[in-house]
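Student: Can you keep this structure in mind? I'll have questions shortly.
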Amino acid sequence: IKPDDCHFAKTRLLSLENTIGGKVLPLEYLAQARDFVNTHSLALHLDGARAFNAAVELKVDITEITKHFDSVSICLSKGLGAPVGSLLLGSPVLINKARRWRKVLGGGMRQAGMLAAAGQFALEHNVERLRDDHENARYLAQQLSEINDFTVDMTNTTNMVYATYTSSINIEDIAEALKQQGILFSPSKQLRLVTHLDITREDIDTFLNALSAHI
Ligand SMILES: Cc1ncc(COP(=O)(O)O)c(C=O)c1O
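If you want it as structure tokens, here you go:
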């Protein structure tokens with residue numbers, strides 16, 4: 001929180017991201033954040049791009065997470081699988097303001113109902129199955145950790161696997177070899193692997209086998 005000084009912006013908002021780096025923020029932490037913003041007269045925003053992943057992992061209704069926040073964004077096009085789209089949730093006053101800003105910034109869309117229908121389908125059909133992505137990510141993390149040359153963060157419980165590549169073999173060469181097999185990844189010593197509804201257990205095995213063959 002910036003001091004009350006004309007050289008600084010006024011601090012008005014605390015924004016949390018959940019899940020963050022594949023980790024779920026505990027519900028008690030959200031309650032503490034609410035108390036904190038109440039004490040300091042701030043608003044509380046949730047970057048909930050992956051909020052349903054958190055709810056599914058905690059086995060709670062999404063409202064157990066969102067009830068602490070003044071505003072929430074939800075991404076429909078990540079694990080939920082819609083081709084495009086995000087939701088902004090908040091009070092009518094906030095949403096009216098947001099609509100105005102969307103227009104000002106050139107973000108208005110016409111005939112967006114087709115995309116909204118895809119988003120609605122995602123919300124109605126693809127929430128509970130996020131659990132499959134989490135199980136697949138755990139499987140991927142476990143299997144990857146058994147390949148020498150990868151150190152895997154095993155503390156993530158949702159759909160993200162973070163791994164550090166420790167071998168002296170050039171990771172760019174491995175990426176190039178895998179590309180020949182139709183497997184694309186951005187070569188880096190720090191890898192982020194994400195599971196979603198288009199990635200099956202068999203796809204993961206295909207990837208792991210191809211990787212093992214080139215290490
Ligand atoms: C944590 C997080 N928040 C917000 C966004 C932005 O989502 P959108 O562009 O759909 O608003 C992303 C997307 O990449 C994200 O990963």
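Positions 1 to 215 (my numbering) are the ones given, in order, by the sequence shown.
Even for Gly, the Cβ is constructed at its ideal location relative to N, Cα and C.
No experiment lies behind these values; they were computed from the predicted model shown.
(1) Look up Cys75 in the DSSP assignment and give the residues it is bridged to.
(2) Are the segment 72–81 and the segment 119–130 touching by the rule of at least three beta carbon pairs closer than 8 Å?
(3) Let me make sure I understand the geometry here. Which of Gly90, Ser86, Arg138 has the alpha-carbon closest to that of Ala118?
(4) Check whether the segment 136–147 touches the segment 190–199, taking contact to mean three or more Cβ pairs, one atom from each stretch, closer than 8 Å.
(5) Would you mind working out which of Ser212, Gly48, Val161 sits nearest Ala177, comparing C-alpha positions?
(6) To the nearest angstrom, how far is it from the Cα of Val72 to the Cα of Leu46?
(7) Measure the CB-CB distance between Ala33 and Leu16 and report whether it falls below 8 Å.
(8) Short of 6 Å in beta carbon distance, which residues of its chain neighbour Ala210, apart from the five on each side in sequence? Order them along the chain.
(9) Rounding to the nearest angstrom, what Cα-Cα distance links Ile224 and Thr39 in this structure?
(10) Indicate, with yes or no, if ligand 1 has a heavy atom lying under 7 Å from the CB of Ser186.
(11) Look at the Cβ atom of Asn159, then the Cβ atom of Asn18, and state whether they are nearer than 8 Å.
(12) Within 10 angstroms of its Cβ, does Ile174 collect 16 or more other Cβ (buried), or is it exposed?
(13) Go through its chain and collect everything with a Cβ distance to Ile1's Cβ below 8 Å, but skip five positions before and after it.
(14) List the residues that DSSP assigns as beta-bridge partners of Met160.
(15) Does the beta-carbon of Ala141 have 16 or more other beta-carbons within 10 angstroms, so that it is buried, or is it exposed?
(16) Quick one: is His125 buried, meaning 16 or more other Cβ sit within 10 Å of its Cβ, or exposed?
(17) Do Ile74 and Gly106 have their C-beta atoms within less than 8 Å of each other?
(18) Once DSSP output is grouped into helix, strand and coil, what is the label at Thr200?
Tutor: Straight from the coordinates:
(1) Ser86
(2) yes
(3) Distance check between Ala118 and each of Gly90, Ser86, Arg138 places Ser86 closest, using alpha-carbon atoms only.
(4) yes
(5) Ser212
(6) 5 Å
(7) Less than 8 Å divides the Cβ of Ala33 from the Cβ of Leu16.
(8) Leu178, Gln181, Ile183
(9) Outside the shown range of the chain, which is 1 to 215, sits residue 224, and nothing can be said about it.
(10) no
(11) It is not a contact, given that the beta carbons lie outside the stated cut-off.
(12) buried
(13) Thr11, His40, Leu42
(14) Val194
(15) Classification of Ala141: buried, given that the 10 Å Cβ count is 16 or more.
(16) exposed
(17) no
(18) Here Thr200 sits in coil by DSSP.
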